[in-house]
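**Student:** Sequential numbering from 44 applies to the sequence shown in the working numbering. The beta-carbon is built from N, C-alpha and C at its ideal position, and this holds for glycine as well.
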Amino acid sequence: MRQKIVAGNWKMNKTRDEALALTSEIVNMVRDEVRGDVQVVVCVPFVYLTSVGKLLETQSNISLGAQNCHQKASGAFTGEISAAMLQSVGTQYVILGHSERRQYFGESNELLKDKVNIVLENGMKPIFCCGETLEQREQGIHFDLVCNQLTESLFHLTPEQFANVVIAYEPIWAIGTGKTATSDQAQEMHAKLRAHIASKYGAAVADATSILYGGSANPGNARELFGQSDVDGGLIGGASLKSRDFLDIIKSF
Ligand code: PEP
44 MRQKIVAGNW
54 KMNKTRDEAL
64 ALTSEIVNMV
74 RDEVRGDVQV
84 VVCVPFVYLT
94 SVGKLLETQS
104 NISLGAQNCH
114 QKASGAFTGE
124 ISAAMLQSVG
134 TQYVILGHSE
144 RRQYFGESNE
154 LLKDKVNIVL
164 ENGMKPIFCC
174 GETLEQREQG
184 IHFDLVCNQL
194 TESLFHLTPE
204 QFANVVIAYE
214 PIWAIGTGKT
224 ATSDQAQEMH
234 AKLRAHIASK
244 YGAAVADATS
254 ILYGGSANPG
264 NARELFGQSD
274 VDGGLIGGAS
284 LKSRDFLDII
294 KSF
């Protein structure tokens, strides 16, 4: 059985008080309403990791996540945050290669390889994002492009290391746009990615890899998306900022 995961990506939203209020609501709702084996992750802005982490201590099925980290271990990189720093405040997951970081901060597959390495070396799990633009999909190059993102950033890992990676397929045209991939489109890409992982690491590793869907997922479409055989959960942006919506998505398995 693969781990089901619903991860919220808060991006650059919420003040401290709002962040703590949202976390408390999520903790209470998960405790009261969520049964079963879904792992919830909240990927919060760096400055709230410690205080949000404290509120999560009582709830083992909610993990603490960050949204990025620097690729180097330490040094003169003013304003940056290292993997060791994240690990030292209890971070368990780190989103890497989100399309916004690829687009606005020029993150390449090559750079992400280093970020994946350092996150794994520090005992955390990368949530590795991949996905195509609408133009690339219309050109029919989306399968090759997304598989190549995995090849170039992840396929240097040993099978043991790869076992700690979570994949998030996020078609860029669906992120924050209100346009969701259809469940068929999501399933088709997830199956391709799983086959691609199998071609490198074998069927057992591929079958054990959690592949999340991200892109305008909401309480109205999550059940159908999560019902697909190769969709193991979601990476949720906008809807993770409202506790009720986030919970309804978590309960959509
Ligand atoms: C995201 O940014 O990872 C995301 C999926 O955003 P949204 O759900 O808002 O489309």
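1. DSSP state of Ala-224, grouped into three classes?
2. Residues in the same chain with beta-carbon distance under 8 angstroms from Leu-154, minus the five sequence neighbours each way, listed in chain order, please.
3. Tell me the DSSP secondary structure of Cys-86 in three-state form.
4. Could you give the first and the last residue of the continuous alpha helix (DSSP H) run that contains Leu-65?
5. Counting along the chain, where does the beta strand (DSSP E) carrying Ser-106 start and finish?
6. Does the contact criterion of 3 or more C-beta pairs under 8 angstroms hold for the region 103 to 110 versus the region 128 to 137?
7. So for Ser-264, helix, strand or coil by DSSP?
8. State whether the region 224 to 231 contacts the region 189 to 203, with contact taken as three or more CB pairs (one from each stretch) at a distance under 8 angstroms.
9. On the criterion of 16 or more Cβ atoms from any shown chain inside 10 Å, does Gln-82 qualify as buried, or is it exposed?
10. Can you round the beta-carbon distance between Ser-295 and Gln-46 to whole angstroms, since I take them to be within the 8 angstroms contact cut?
11. Could you check if Asn-52 is buried or exposed, using at least 16 other CB atoms within 10 Å of its CB as the buried criterion?
12. Please go through the same chain and pick out, in chain order, the residues whose beta-carbon is closer than 8 angstroms to the beta-carbon of Asp-288, but skip the five residues on each side of it.
13. Could you pull out every unbroken alpha helix (DSSP H) segment of at least 4 residues lying fully inside the region 147 to 198, listed in chain order?
14. Assign Lys-97 to one of two classes, buried (16 or more other C-beta atoms within 10 Å of its C-beta) or exposed (fewer than that).
15. Helix, strand or coil: which one does DSSP assign to Leu-98?
16. Alpha carbon to alpha carbon, how far is Phe-198 from Arg-59? Give it in angstroms, no decimals.
**Tutor:** In short:
1. coil
2. Gln-114
3. strand
4. 59 to 76
5. 105 to 109
6. yes
7. Note on identity: in this sequence residue 264 is Asn, with Ser being the wrong assignment. Three-state result, Asn-264: coil.
8. no
9. buried
10. In fact, because the Cβ distance is near 16 angstroms, the residues do not count as touching under 8 angstroms.
11. buried
12. Asn-261, Pro-262 and Ala-282
13. 152 to 164, 177 to 181 and 185 to 197
14. exposed
15. helix
16. 38 angstroms
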